[in-house]
Structures are given as C-alpha cells and as structure tokens.
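Numbering (the working numbering), first residue to last: 319 to 573. Have a look at the structure below, then the notes.
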Amino acid sequence: MATVMNVNHFSIYLKRNMECTVILPSHIKNDEKLPVLWLYHGGSGDNTAWLYHSPIIEYVDEGRFAAVLPNVQNSCYVNMNIGDKYESYVGKELFNIIMNMFPCFSDKRENNYVSGFSNGGYGCLHIALRYPEKYGTVGAFSAGDKADSEFLNDGSEKSIRRIELYGDGDLHKTEYGITYQADRLIEQKSIKPEIYHACGELDPWIDMNHILRDYFMSHIEYNYVYDEIEQIGHEWKFWREELKRFLEFTGLINN
Numbered sequence: 319m320a321t322v323m324n325v326n327h328f329s330i331y332l333k334r335n336m337e338c339t340v341i342l343p344s345h346i347k348n349d350e351k352l353p354v355l356w357l358y359h360g361g362s363g364d365n366t367a368w369l370y371h372s373p374i375i376e377y378v379d380e381g382r383f384a385a386v387l388p389n390v391q392n393s394c395y396v397n398m399n400i401g402d403k404y405e406s407y408v409g410k411e412l413f414n415i416i417m418n419m420f421p422c423f424s425d426k427r428e429n430n431y432v433s434g435f436s437n438g439g440y441g442c443l444h445i446a447l448r449y450p451e452k453y454g455t456v457g458a459f460s461a462g463d464k465a466d467s468e469f470l471n472d473g474s475e476k477s478i479r480r481i482e483l484y485g486d487g488d489l490h491k492t493e494y495g496i497t498y499q500a501d502r503l504i505e506q507k508s509i510k511p512e513i514y515h516a517c518g519e520l521d522p523w524i525d526m527n528h529i530l531r532d533y534f535m536s537h538i539e540y541n542y543v544y545d546e547i548e549q550i551g552h553e554w555k556f557w558r559e560e561l562k563r564f565l566e567f568t569g570l571i572n573n
C-alpha cells in the first residue's frame, strides 16, 4: 500500500506555513529516482480533493511514481493582482522544497507531470507554460483560459474576486492569459510542455475549452492532444476517468 503523508512547510513567498499531501509507492529502491505527478485541486477544493475522490493511491503503487497534491485555496495558481504570489509558490518554491525533502524524486522536466481539474486545470496549464523548464507534460481537465471568461464589473462578489485575482482589464495580453503564455514560448523559441487537454461534452464552460482547443490545434509548435467525453459534465465522474486516461497517455500506468 502506498504511503500518504502531510507535509507542512514555511513559504517565503506567502510568508506563512503551508501544507501539501505527498503519496509514495510502497517500495522504493536505493538510488531510485521516481517520476512526479503534481496534482492540482479545483476552486472549492484543497490538497485532499484528489485523495478522496479518485484512486490516486492505487495509481501511485501501480505506476511506481510519486504524487504531490498542493493546497493553494481559491487562488487559481496565479500571482494575484491584489493578494499573494501563489504562482511563484506552487510553480517553483514548492518544487524546490519537495525535491530537497525527497531525494528519491526526479527533478528532470521529462519526469515531472502537472495535472488538475477546473481552476486547477487552468492552473496546471498556466504553471507549465510559465515554468516549462520544470514540467514536461500537462494534463488539463475542464480547463478554459480565464482570459475568455466573460467579465462584468458590476460590484458583485464574483467581479470583486476577479479583480483581486487578475485585475479588471482584458487578460488576453497579460501573464494570466494561457494563449499569451503559449505565444511567448513560441516567440522565444523556448522548450514547450506536451499538453493533454480534456473536457466533458455537457460542461457549462465547454465553449471556453473549445477556444483553447482550437488555439493549440492551430499551433503546430505544440504537441497537443484533446479528449472529449459525451454525456458528461463538470464533475468527478469525468475527472476520475480523465486522470486514468492521462496517466495511460503518459505511460505512468499501463492501459
């Protein structure tokens, strides 16, 4: 049986104690370097979401890889316009902390996979495009570009939260835009993550996912795969299935 542990640590960027869940396979050989799956929760979840709603423990044992489940509250994994620097924390600081704590983890980009659903799906794309030297492959489920989300500055709680996270302007030409980050890597001729993107046919934000799908399919610089399942929406039934498909896609578990 895999080992599940809670890791408490201090974040320089966030200036407070943080926690994440780490899952290890039951047997680790001497001098072994395990692949690492960074698994992001959604907007209303935390580092236990995947633990309680998916068979990630069984997958870790089956595939002999490690999984790291961060907790970033409802931050969307970004350096907030008004607030904390969650992107810097989860994208690079936590990466370095975990690699120092677990010498059996591989720090090579081709052995580091980042995946998530909903806000975590957007977040894993954002992080991988911001730090392509660290993360080689992305599995983004129900993941539209926040730049394509309709915004009305009407004083509502939703609009106030949006301004706290991203500001009140058009996000397409800012660091928060997924296609902006993707364009930047093309222009800089940088290394690029491999992308597996999926959405349920009945997801209420399917149109945003299609916009992102069409962008990546029109840019041959990216190794991109899209999957869509009929008659299923924005729900755990879909995310559990896509986690399995993503792990099979990467070869972390067998078909």
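Positions of the beta carbon are idealized from the N, C-alpha and C atoms, including for glycine.
Classification of K452 by the beta-carbon crowding that lies within 10 angstroms, buried from 16 upward: Classification of K452: buried, given that the 10 Å Cβ count is 16 or more.
Start and end residues, alpha helix (DSSP H) containing W554: W554 to T568
Counterpart residues of S329 in DSSP-defined beta bridges: R334
Span separating the alpha-carbon of A367 from that of G454: 24 Å
Sub-8 Å separation of D463 and L530 beta-carbons: yes
Three-way DSSP call (helix, strand, coil) for G518 in this model: Looking at G518 - three-state DSSP - the assignment turns out to be strand.
Straight-line gap, I400 to Q499 (C-alpha atoms, nearest Å): So the alpha carbons of these two residues sit roughly 21 Å apart.
Where the beta strand (DSSP E) through F459 begins and ends: T455 to F459
Local conformation of I509 per DSSP, three classes: In the structure shown, I509 falls within a coil segment according to DSSP collapsed to helix, strand and coil.
Burial state of E482 (16 or more Cβ within 10 Å): exposed
Contact check, Y365 vs P388, beta carbons under 8 Å: According to the sequence shown, residue 365 is Asn rather than Tyr. Against a cut-off of 8 Å, the Cβ pair of P388 and N365 comes out as a contact.
P373 vs P450 beta-carbon contact at 8 Å: no
The stretch 459–478 touching the stretch 553–570, judged by at least three CB pairs closer than 8 Å: yes
Reduced DSSP category for Y540 - H, G, I as helix; E, B as strand; rest coil: Three-state DSSP puts Y540 in coil, outside helix and strand.
Beta bridge counterpart(s) of K403 as assigned by DSSP: N397
Beta-bridge partners of P388, as assigned by DSSP: C338
Cβ pair Y377, S393 closer than 8 Å: no
Among G569, L565 and S424, nearest to L357 - alpha-carbon criterion: L565
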